[in-house]
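Take 1294 as the starting number for the sequence shown in this note's numbering and just add one per residue. First the structure, in the form of structure tokens, and then the observations on it.
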Amino acid sequence: EEALHLSPESARLCGEFDLNPFGVISSGALLVGCPESASAAIIDALSQAGIRTDAVAAVRPVEFGLKLRRGRNLVPLPRFAVDEITRLFAS
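See the structure below:
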């Protein structure tokens, strides 16, 4: 969870409107899946181009499920029936 970048503006809006940042539409975000051996070169190339880049996930066997690391704990990754922005305007 700590590895995911949240801009100060996004953090403020999520706090103000009680939105879970994991359920907010991430326009402009790019998630790249690649072999672990290629990640350093990809991160370096994107960083040199001025694009903020972080390694945030790893592929595990399907039985592991989708997990989020919170400190030292692994918790289920939240799922959203609709994105948080839609929920905000629907309520």
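By construction, the Cβ of each residue, glycine as well, lies at the ideal position given by its N, Cα and C atoms.
Of all alpha-carbon atoms in Asn1366, Pro1328, Glu1309 and Gly1321, the one lying nearest the alpha-carbon of Ile1344 is that of Gly1321. Per DSSP, reduced to three states, the secondary structure at Leu1367 is strand. Cβ contact annotation for Phe1315 (same chain, cutoff 6 Å, sequence separation greater than five): Pro1371, in chain order. Looking at the backbone, the Cα of Arg1305 and that of Leu1312 are separated by about 10 Å. Separation of His1298 and Ser1330 (C-alpha to C-alpha, rounded to the nearest whole angstrom) is 23 Å.
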